[in-house]
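Okay, structure first, notes after.
Numbering (the numbering used here), first residue to last: 1 to 226.
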């Protein structure tokens, strides 16, 4: 394959080189005045709630909590809004501190460790063995209209697996809707925090009932508000 290189006319090189050098130096000296650094985005967190201690015996098991599976746009660190049923938008200049699935995983691990019911609660990167695995799909992690206002939505389909048999012991479709007092990112972050606490308050009793055989194998929540 032939490559053709176009050369400047004779005599043009020597005239252009000093000018190009001067231009390059001026760009270097100007620094960020030509290409200003973009302001770093604000970073928001989904805190692990501090739940009230509930009486209950230790289960004597190690639980692995996998990072929820999520497709775009829920797999990113962008803070999402769904103004219309078929449209998603993102808040500019701000993001979650990690991806949505990772935040939800860390929330679940945090509250389950607080409970003291399990010998250990680990994630999928741990080399330790476990008795049970909590797998899930995150299919809602956004702000949407609700009547005359807004709400933060968390939708998580969860399954508890027996690691020996790989049998699904229980499954549940968690649907959380937490009201936001406005559509500002501050109000939406607070609503997500309330929604995370609501999810945490449902998760532990469901797992306990599943392990002890006290609940049905499959459940679907109505949309719940904190």
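Note that beta-carbon positions come from the ideal geometry of N, C-alpha and C, so glycine has one too. Given the structure is predicted, the values throughout are model-derived calculations rather than measurements.
- Look at the beta carbons and you see the segment 132 to 151 touching the segment 63 to 73: at least three pairs across the two are nearer than 8 Å.
- In this structure residue 192 is in contact with residue 152, their Cβ atoms being roughly 4 Å apart against a cut-off of 8 Å.
- Residues 51, 54, 56 and 204 of the same chain have their beta carbon placed closer than 8 Å to that of residue 115, with the five preceding and five following residues left out of the count.
- Within the same chain, 43 and 45 come within 6 Å of residue 97 by CB-CB distance, once the 5 residues on both sides are set aside.
- Of the other Cβ atoms in all chains shown, fewer than 16 fall within 10 Å of the Cβ of residue 212; this residue is therefore exposed.
- In this chain, the alpha helix (DSSP H) harbouring residue 201 covers 185 to 212.
- Taking the Cβ atoms as the reference, residue 155 lies roughly 16 Å from residue 180, outside the contact range of under 8 Å.
- By the C-beta criterion, the segment 120 to 134 is judged not to be in contact with the segment 82 to 91, since fewer than 3 inter-stretch pairs fall below 8 Å.
- When the alpha-carbon of residue 108 is set against those of 186, 178 and 49, the nearest one is in 49.
- Secondary structure of residue 104 (DSSP, three-state): helix.
- At the C-beta level, residue 172 and residue 194 stay beyond 9 Å of one another.
- For residue 162, the enclosing beta strand (DSSP E) starts and ends at 149 to 162.
- When the beta-carbon positions are compared, residue 111 and residue 64 stay at least 9 Å from each other.
- Take residue 189, set aside five residues on each side of it, and the residues of its chain with a beta-carbon closer than 7 Å to its own are 44, in chain order.
- Separation of residue 76 and residue 202 (C-alpha to C-alpha, rounded to the nearest whole angstrom) is 25 Å.
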